[in-house]
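Engineer:
Residue numbers (full-length UniProt numbering), protein chains in the order written: chain A, 1 to 280; chain B, 1 to 251; chain C, 1 to 266; chain D, 1 to 337.
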């Protein structure tokens with residue numbers, strides 16, 4: 001059911017032009033300040049949590065106290081079961097990202113080469129998030145069997161769509177002069193693609209990659225939540241159902257931390273990949 | 001990008017709406033073929049039949065209404081909240097410095113894992129709406145904030161030069177200037193809040209299509225299941241398509 | 001001044017024009033440019049100057065006629081030809097050095113030569129100290145210098161420039177125009193330079209072709225007999241004024257015709 | 001940029017106003033949910049697919065609860081833990097759902113639950129296969145998910161029939177299991193009546209394994225109630241069970257008639273429902289509130305065997321039988337130890 005989650009929510013949604021500029025415009029000092037503020041907010045959140053539990057603003061069944069969650073966190077991080085789940089989820093995300101990303105890139109390039117086909121498919125692709133992919137689970141059982149590949153395939157689809165749309169938008173937004181330059185230099189098709197077109201569309205493609213990672217994560221965890229028998233998403237569901245609220249919170253926190261860390265890493269990677277291209 | 005789009009999007013020889021329609025027919029044909037090949041997939045005809053008979057059932061209509069109402073509330077709340085928070089994030093440098101990383105980070109969180117936390121806080125009927133809001137909120141919020149940030153500085157000068165009050169600035173300058181990203185956000189929020197609500201309904205609810213789907217699913221009654229999914233998909237799809245067409249026009 | 005650098009024979013270009021009637025952009029142009037000469041084309045907007053240039057560059061196939069460069073026909077993009085565009089064509093993901101070396105890289109010049117020649121060209125266009133800068137950190141004029149350096153680094157025998165200064169401000173264009181002339185006098189390529197600015201055309205070139213509104217024909221060829229080492233002060237001389245008046249009298253009618261045609265079409 | 005800051009300030013003000021407003025609305029909303037006396041909100045797993053749960057809806061439809069001045073509403077809760085969560089969240093007062101989940105929840109003080117009865121104490125779990133030639137030897141069995149009653153049973157069966165070298169895999173709902181079995185991904189999938197009957201009649205399914213024959217009976221579900229609700233509504237709870245007893249009796253005495261009532265509630269034809277009831281082992285024991293100490297002990301042993309709990313369950317202290325009809329209670333003390 002989750003797969004639906006895949007909506008393209010991104011800083012740079014495929015259809016908003018100007019992908020990178022917003023962020024880059026700020027001076028480095030605000031980046032540091034932002035990081036400090038974010039950290040401060042997280043600390044404040046923890047404080048609020050602790051206070052709320054201590055003053056009994058909510059019942060421990062609703063939100064267990066921080067003092068119980070922290071030791072459980074330490075214990076769980078040391079357990080093999082956790083790393084087994086995390087490894088499985090990580091593997092699914094990685095495969096879905098690589099597979100979905102590559103497929104999305106190819107589809108995006110294909111749409112660029114054949115804009116009519118692209119325009120025929122576009123309305124369906126942009127509305128694809130309205131489909132709860134998880135409901136295709138029974139079909140997946142028949143096709144791929146009962147294993148993690150059903151999670152991977154559905155997560156790949158979720159990762160592939162924003163990638164395809166972003167790649168396409170990026171390529172069709174290329175300044176025509178770049179292609180003219182490539183032609184005047186006598187670039188062969190491979191050179192035109194790899195030396196000119198793809199690097200020029202890179203801000204969009206990198207934004208698409210970020211989305212692909214996020215959707216691979218969302219898709220994999222959400223699919224696990226509903227259908228799998230291992231993985232972080234499954235573990236949360238399992239602990240939820242068996243009323244182990246404290247451990248469940250630990251896993252929810254781990255997934256949250258993982259997503260936040262991933263977002264942070266992605267923005268660092270994006271900066272590195274788009275080095276030098278300040279707000280043009 | 002204007003020049004580029006003119007360049008690559010020359011008038012296509014094939015009529016695009018006709019092409020999309022053909023594609024739809026092709027999908028239905030493939031669906032029918034798949035139904036012949038695999039017993040899991042009901043034929044399109046069976047599915048539509050199930051849908052029609054479902055609508056004859058007052059109980060089913062009640063489920064539809066419950067979901068529709070929850071989606072509508074979730075969408076409206078997500079829209080209102082998203083626009084306001086997006087404005088705050090886009091307009092104030094400090095709000096941005098303090099909150100932006102967390103907002104972007106939370107956008108990447110698989111929100112479904114929060115359901116176990118939401119249920120005890122918002123109870124059954126509330127948590128599905130909150131889930132819908134969580135799903136729909138971020139696209140609007142982020143698009144509005146980005147839209148404002150990308151607004152040409154000259155608009156602010158213009159606003160000051162004509163002595164516009166804050167309401168006029170909002171309605172006459174900001175909203176028209178960011179209408180495109182705003183519409184993108186609204187479109188995404190519309191489908192996403194529906195997804196969020198239905199997902200939450202999969203867990204438990206008194207009335208709602210999520211429950212209907214899950215019941216048919218649990219019993220292996222695939223025509224019934226597909227019928228409801230088809231209903232959900234086509235409504236979300238049509239709404240999304242209409243919003244998308246509108247969005248394109250505002251280029 | 002012996003063999004022709006560029007030879008244009010009976011050139012015509014038509015566009016299919018979609019639903020509408022075909023448009024004849026260039027019609028029956030036959031001209032020669034001697035090697036090492038600097039020729040400008042002026043004409044009203046929409047007259048097919050850029051089309052003509054694209055055809056000479058081999059980027060577009062003519063409907064009729066042919067192009068020869070150094071006595072050999074142009075059939076497609078050609079390494080004897082260097083192009084400088086009106087738009088900013090620096091690649092934002094490359095540093096100045098890499099941008100300048102880009103053309104050589106595509107043409108398969110040896111790595112070591114690339115580095116050496118890139119540095120020479122950077123020096124030539126006066127961008128020392130900006131080797132490691134990205135285009136985003138450079139001004140519009142500097143980026144156009146990078147593009148020029150990239151083109152020169154390919155060592156073309158013919159240089160085609162399509163309104164290269166159109167996007168720049170007045171001061172920059174004058175300075176850059178002088179730069180280009182200085183470099184030309186050093187490198188002595190055959191240059192075909194498209195502009196819509198009369199004084200720029202006169203200031204830069206040895207010969208000016210005036211092109212008519214659609215269908216584009218060369219309706220006047222004017223030799224500029226101003227001293228070769230002229231600078232911007234030449235603008236105030238009577239000789240300059242006379243040339244300008246002569247070109248303008250031809251151009252004026254065409255500009256008017258184009259204006260009327262465009263506004264009735266719209 | 002003055003207009004900009006100004007605007008930001010106004011929007012912040014608007015936002016805080018809105019937050020306050022919605023907080024007020026929320027608290028107003030939550031107060032409104034307070035039920036009148038006689039109201040019991042039941043959350044149960046499988047109310048739309050299992051006849052022994054649909055009996056509740058039958059009693060509602062027949063007005064039997066009303067006659068006892070009870071206003072019963074039924075909520076379909078999804079899986080075991082999920083159903084219990086609706087009680088914790090205050091959306092339901094009473095949960096009837098998978099035994100392992102109830103045992104776990106009852107042992108978690110924060111859940112604030114008490115177990116007050118057992119439900120469906122005959123083991124009705126079967127594993128069905130579309131393959132007529134399938135044998136248990138080396139079979140792979142699907143169960144719903146980790147921590148579920150079906151997993152517990154599969155593990156018990158695997159241990160009992162160690163020589164058959166059974167394997168098991170988490171597949172999902174009955175429908176998923178049937179699909180997986182048809183696709184050859186597993187040998188057989190779990191099912192209960194009337195799903196078993198329906199697949200037998202319509203698609204020629206064969207029962208590969210009847211769990212009851214291997215591991216005996218145990219309660220499929222337990223009834224748990226919110227402690228605060230229990231304190232305040234003891235009489236109503238007793239009345240609730242009286243009505244349930246009556247409804248169970250109706251099914252046992254007049255299965256053909258009951259099948260006509262139950263069929264539509266679980267989405268099968270009355271004929272299939274009637275067959276399903278006939279096939280249900282020991283109908284009078286299955287559809288009964290009478291606590292079966294042997295079945296409870298069996299459940300405890302299964303859970304210990306599966307490693308889900310460390311100590312056998314002391315049913316005497318865990319199960320609060322006060323609200324059951326007198327003839328349904330059993331002496332649990334002393335026998336457990």
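Where a beta carbon is used, it is the ideal one built from N, C-alpha and C, also for glycine. Quick caveat: nothing in here was measured; it's all calculated off a predicted structure.
1. What is the DSSP secondary structure of residue 199 of chain A, counted as helix, strand or coil?
2. Starting from the Cα of residue 246 of chain B, find the closest Cα among A/123, A/86 and A/157 and give me that residue.
3. Do the region 33-52 of chain C and the region 165-178 of chain C meet, that is, are 3 or more Cβ pairs less than 8 Å apart?
4. Using 10 angstroms around the beta-carbon of residue 111 of chain A, count the other beta-carbons present and answer buried if the total reaches 16, otherwise exposed.
5. Quick one: what's got a C-beta closer than 8 Å to residue 127 of chain B's C-beta in the same chain, skipping five residues either side?
6. Any chance the region 242-257 of chain D sits against the region 281-299 of chain D, with 3 or more Cβ pairs inside 8 Å?
7. With a floor of 3 residues, list each beta strand (DSSP E) that falls wholly inside the region 62-133 of chain C, ordered by position along the chain.
8. Quick check on this structure: which residue in B/181, B/134, B/50 and B/104 has the alpha carbon closest to the alpha carbon of residue 35 of chain A?
9. Does residue 223 of chain C come out as helix, strand or coil in the three-state DSSP assignment?
10. Between the region 199-212 of chain D and the region 61-72 of chain D, do at least 3 Cβ pairs fall closer than 8 Å?
11. State buried or exposed for residue 35 of chain D, treating a residue as buried only when at least 16 other CB atoms are found within 10 Å of its CB.
12. So, for residue 225 of chain B: in the same chain, excluding its five sequence neighbours on each side, which residues have a beta-carbon less than 7 Å away from its beta-carbon?
13. What is the rounded straight-line gap between the Cα of residue 99 of chain A and the Cα of residue 171 of chain D?
14. For residue 211 of chain C, write down the residues that DSSP places opposite it in a beta bridge.
15. Determine whether the beta carbon atoms of residue 69 of chain C and residue 158 of chain C lie at a separation below 7 Å.
16. Please classify residue 249 of chain C: is it buried, with 16 or more other beta-carbons within 10 angstroms of its beta-carbon, or exposed?
17. Verify whether the separation of the beta carbon atoms of residue 121 of chain C and residue 152 of chain C is less than 7 Å.
18. Alpha carbon to alpha carbon, how far is residue 130 of chain C from residue 199 of chain A? Give it in angstroms, no decimals.
19. If contacts are defined as beta-carbon pairs under 8 Å, then residue 153 of chain A and residue 144 of chain A qualify, I think. What distance do you get, rounded to the angstrom?
20. Does any residue of chain A bring its CB to less than 7 Å from the CB of residue 241 of chain B?
21. In whole angstroms, what separates the C-alpha of residue 30 of chain D from that of residue 222 of chain A?
22. Can you look up residue 221 of chain B in the DSSP assignment and give me helix, strand or coil?
23. Hey, out of A/191, A/210 and A/127, whose CA is closest to residue 166 of chain A's CA?
24. What is the rounded straight-line gap between the Cα of residue 41 of chain C and the Cα of residue 250 of chain B?
25. For residue 177 of chain A, which residues in chain C fall below 9 Å Cβ to Cβ?
26. Tell me the rounded alpha-carbon separation between residue 340 of chain D and residue 218 of chain D.
27. Just to confirm, is the Cβ distance from residue 306 of chain D to residue 112 of chain D under 7 Å?
28. Would you say residue 218 of chain B lies against chain D (beta-carbon separation less than 7 Å)?
29. Please list the residues of the region 183-212 of chain A that have a C-beta atom closer than 8 Å to any C-beta atom in chain C, keeping them in chain order.
30. Relative to the alpha-carbon of residue 318 of chain D, which residue among D/69, D/117 and D/264 has its alpha-carbon at the smallest distance?
31. Are residue 198 of chain D and residue 122 of chain D closer than 7 Å when you measure CB to CB?
32. For residue 119 of chain D, which of helix, strand or coil comes out of DSSP?
33. Give me the residue from D/9, D/200, D/82 and D/226 with the minimum Cα distance to residue 84 of chain B.
34. With a 10 Å radius around its C-beta and 16 neighbouring C-beta atoms as the bar for buried, classify residue 181 of chain B as buried or exposed.
35. Would you check if the region 227-247 of chain B and the region 155-166 of chain B touch, i.e. whether three or more CB-CB distances between them fall below 8 Å?
36. Are the C-beta of residue 88 of chain B and some C-beta of chain D separated by less than 7 Å?
Structural biologist: Taking the structure as given:
1. Position 199 of the first chain, counted from the first residue, corresponds to residue 199 of chain A. The answer is helix: DSSP assigns residue 199 of chain A an H, G or I state.
2. On the second chain, residue 246 of chain B is found 246 positions in, with the first residue counted as 1. The shortest Cα separation from residue 246 of chain B among A/123, A/86 and A/157 belongs to A/123.
3. no
4. Looking up residue 111 of chain A in the first chain gives position 111. With 16 or more other Cβ atoms within 10 Å, it is buried.
5. Counting from 1 along the second chain, the entry for residue 127 of chain B is found at position 127. Once the five neighbours on either side are set aside, the close Cβ partners of residue 127 of chain B are 115, 118, 119, 121 and 200.
6. Between the region 242-257 of chain D and the region 281-299 of chain D, the count of C-beta pairs closer than 8 Å reaches three or more; the two stretches touch.
7. Listed in chain order, they are 64-69 and 81-84.
8. Taking the first residue of the first chain as position 1, residue 35 of chain A is located at position 35. Of the candidates B/181, B/134, B/50 and B/104, the one whose C-alpha sits nearest the C-alpha of residue 35 of chain A is B/104.
9. Your numbering for residue 223 of chain C matches position 223 in the third chain. Looking at residue 223 of chain C - three-state DSSP - the assignment turns out to be strand.
10. no
11. Translated into the one-based positions of the fourth chain, residue 35 of chain D becomes position 35. Residue placement at residue 35 of chain D is flagged as unreliable, the pLDDT there being 48, under the threshold of 50; the coordinate-derived value follows with that caveat. By the neighbour-count rule (16 or more Cβ atoms within 10 Å), residue 35 of chain D is not buried but exposed.
12. Position 225 of the second chain, counted from the start, is the residue given in the question as residue 225 of chain B. Cβ within range, chain order: 213, 216 and 217.
13. Taking the first residue of the first chain as position 1, residue 99 of chain A is located at position 99. Taking the first residue of the fourth chain as position 1, residue 171 of chain D is located at position 171. Distance between the alpha carbons of residue 99 of chain A and residue 171 of chain D: 25 Å.
14. Working through the third chain from its first residue, we reach residue 211 of chain C at position 211. According to DSSP, which records beta bridges pairwise, residue 211 of chain C is partnered with C/218.
15. Position 69 of the third chain holds residue 69 of chain C. Position 158 of the third chain holds residue 158 of chain C. Contact flag set, yes.
16. Along the third chain, one-based indexing puts residue 249 of chain C at 249. Classification of residue 249 of chain C: exposed, given that the 10 Å Cβ count is below 16.
17. One-based indexing of the third chain puts residue 121 of chain C at position 121. One-based indexing of the third chain puts residue 152 of chain C at position 152. Cβ atoms of residue 121 of chain C and residue 152 of chain C: closer than 7 Å.
18. Here residue 199 of chain A refers to the residue found at position 199 of the first chain. Here residue 130 of chain C refers to the residue found at position 130 of the third chain. Whole-angstrom Cα-Cα distance: 22 Å.
19. Here the question's residue 153 of chain A lines up with position 153 in the first chain. Here the question's residue 144 of chain A lines up with position 144 in the first chain. Contact flag correct, Cβ pair sits at about 7 Å.
20. Here residue 241 of chain B refers to the residue found at position 241 of the second chain. Chain A, which has a Cβ nearer than 7 Å to the Cβ of residue 241 of chain B, makes this yes.
21. On the fourth chain, residue 30 of chain D is found 30 positions in, with the first residue counted as 1. On the first chain, residue 222 of chain A is found 222 positions in, with the first residue counted as 1. Per-residue confidence for residue 30 of chain D stands at a pLDDT of 49, beneath the threshold of 50, marking its modelled position as unreliable; the derived number appears in the next sentence. One C-alpha to the other measures close to 30 Å.
22. What you label residue 221 of chain B is simply residue 221 of the second chain in a count that begins at 1. The answer is coil: DSSP assigns residue 221 of chain B none of H, G, I, E or B.
23. Against the first chain, residue 166 of chain A aligns to sequence position 166. Measuring from the Cα of residue 166 of chain A, the nearest candidate turns out to be A/210.
24. In the third chain, counting from the first residue as 1, residue 41 of chain C sits at position 41. In the second chain, counting from the first residue as 1, residue 250 of chain B sits at position 250. The straight-line gap from Cα to Cα measures roughly 40 Å.
25. To locate residue 177 of chain A, count along the first chain from 1; it is residue 177. In chain order, 85, 86, 87, 88 and 89 make up the part of chain C whose C-beta sits under 9 Å from the C-beta of residue 177 of chain A.
26. Residue 340 of chain D lies beyond the stretch modelled for chain D, which goes from 1 to 337, so this question has no answer here.
27. To locate residue 306 of chain D, count along the fourth chain from 1; it is residue 306. To locate residue 112 of chain D, count along the fourth chain from 1; it is residue 112. Not closer than 7 Å, so no.
28. Reading the second chain from its first residue, position 218 is the one you call residue 218 of chain B. Yes, residue 218 of chain B lies at the interface with chain D (some Cβ there is under 7 Å from its Cβ).
29. 183, 184, 185, 186, 187, 191, 195, 196, 199, 200 and 202
30. Reading the fourth chain from its first residue, position 318 is the one you call residue 318 of chain D. Answer by Cα proximity: D/117.
31. On the fourth chain, position 198 is the one that residue 198 of chain D refers to. On the fourth chain, position 122 is the one that residue 122 of chain D refers to. Going by C-beta atoms, residue 198 of chain D is not nearer than 7 Å to residue 122 of chain D.
32. The residue given as residue 119 of chain D occupies position 119 in the fourth chain. Of the three classes helix, strand and coil, the one that applies to residue 119 of chain D here is strand, per DSSP.
33. As a working mapping, residue 84 of chain B is identified with position 84 in the second chain. Nearest option by C-alpha distance: D/9.
34. Numbered from 1 along the second chain, position 181 holds the residue referred to as residue 181 of chain B. Sixteen is the threshold: when 16 or more other Cβ atoms of the shown chains lie within 10 Å of the Cβ of residue 181 of chain B, as they do, the residue is buried.
35. no
36. As a position in the second chain, residue 88 of chain B is number 88, starting the count at 1. Chain D, which has a Cβ nearer than 7 Å to the Cβ of residue 88 of chain B, makes this yes.
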